[in-house]
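Here is the structure we will look at, set down as structure tokens.
Numbering (my numbering), first residue to last: 2 to 125.
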């Protein structure tokens, strides 16, 4: 199993642990959705960019802060970047706790409010 495949398995486990999350291949890559709406997109060498990355929808305004704070890890991805999405490199050294937090934040932006509230109350 290559590095990207092993990374995808970790990303898959994180994403599919969330309520009502499902995986669907789209645009030739794995995507993760809640009730049919995209909350995470795994990109391996997208259009030859050489990156293994996870595209996520952070809280409003957070994308630019993330990119400015750590441009070696965060970037504005093609297509969805103009809609506030952020790319997170998951090749090399990865802080998996940070990935969990960012995936959960993205899921919360997309999930129905009742589903997100039930998830949050179950964790408290």
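Even glycine gets a Cβ: it sits at the ideal position worked out from N, Cα and C.
Assuming residue i and residue j are in contact, meaning their beta carbons sit under 8 Å apart, how far apart are those beta carbons, in whole angstroms?
{"i": "residue 110", "j": "residue 60", "result": "7 Å"}
{"i": "residue 5", "j": "residue 45", "result": "5 Å"}
{"i": "residue 64", "j": "residue 90", "result": "So it is not a contact: roughly 15 Å between Cβ atoms."}
{"i": "residue 13", "j": "residue 25", "result": "The Cβ separation is near 12 Å, so there is no contact."}
{"i": "residue 113", "j": "residue 36", "result": "6 Å"}
For residue i, which residues of its own chain have a beta-carbon under 7 Å away from its beta-carbon, when the five flanking residues on both sides are left out?
{"i": "residue 126", "result": "This structure cannot speak to residue 126, because the chain is shown only from 2 to 125."}
{"i": "residue 115", "result": "none"}
Looking at the secondary structure, which residues open and close the beta strand (DSSP E) in which residue i lies?
{"i": "residue 24", "result": "22-27"}
{"i": "residue 90", "result": "87-90"}
{"i": "residue 38", "result": "38-45"}
For residue i, I'd like the list of residues in its chain whose CB is within less than 6 Å of its CB, leaving aside the five on either flank, ordered along the chain.
{"i": "residue 88", "result": "54, 56, 76 and 78"}
{"i": "residue 42", "result": "32 and 56"}
{"i": "residue 38", "result": "111"}
{"i": "residue 137", "result": "Here the chain has residues from 2 to 125 only, and residue 137 is not among them."}
Within the continuous alpha helix (DSSP H) that includes residue i, where are the two ends?
{"i": "residue 108", "result": "97-111"}
{"i": "residue 116", "result": "114-124"}
{"i": "residue 65", "result": "63-70"}
{"i": "residue 13", "result": "4-17"}
Buried or exposed: where does residue i fall if 16 or more other Cβ atoms within 10 Å of its Cβ makes it buried?
{"i": "residue 17", "result": "exposed"}
{"i": "residue 2", "result": "Because residue 2 sits at a pLDDT of 41, beneath the cut-off of 50, its placement in the model cannot be relied upon, and the point is left open."}
{"i": "residue 108", "result": "buried"}
{"i": "residue 48", "result": "exposed"}
- Task: Determine, using beta-carbon pairs with one atom in the region 18-25 and one in the region 56-75, whether at least three such pairs fall under 8 Å.
- Result: no
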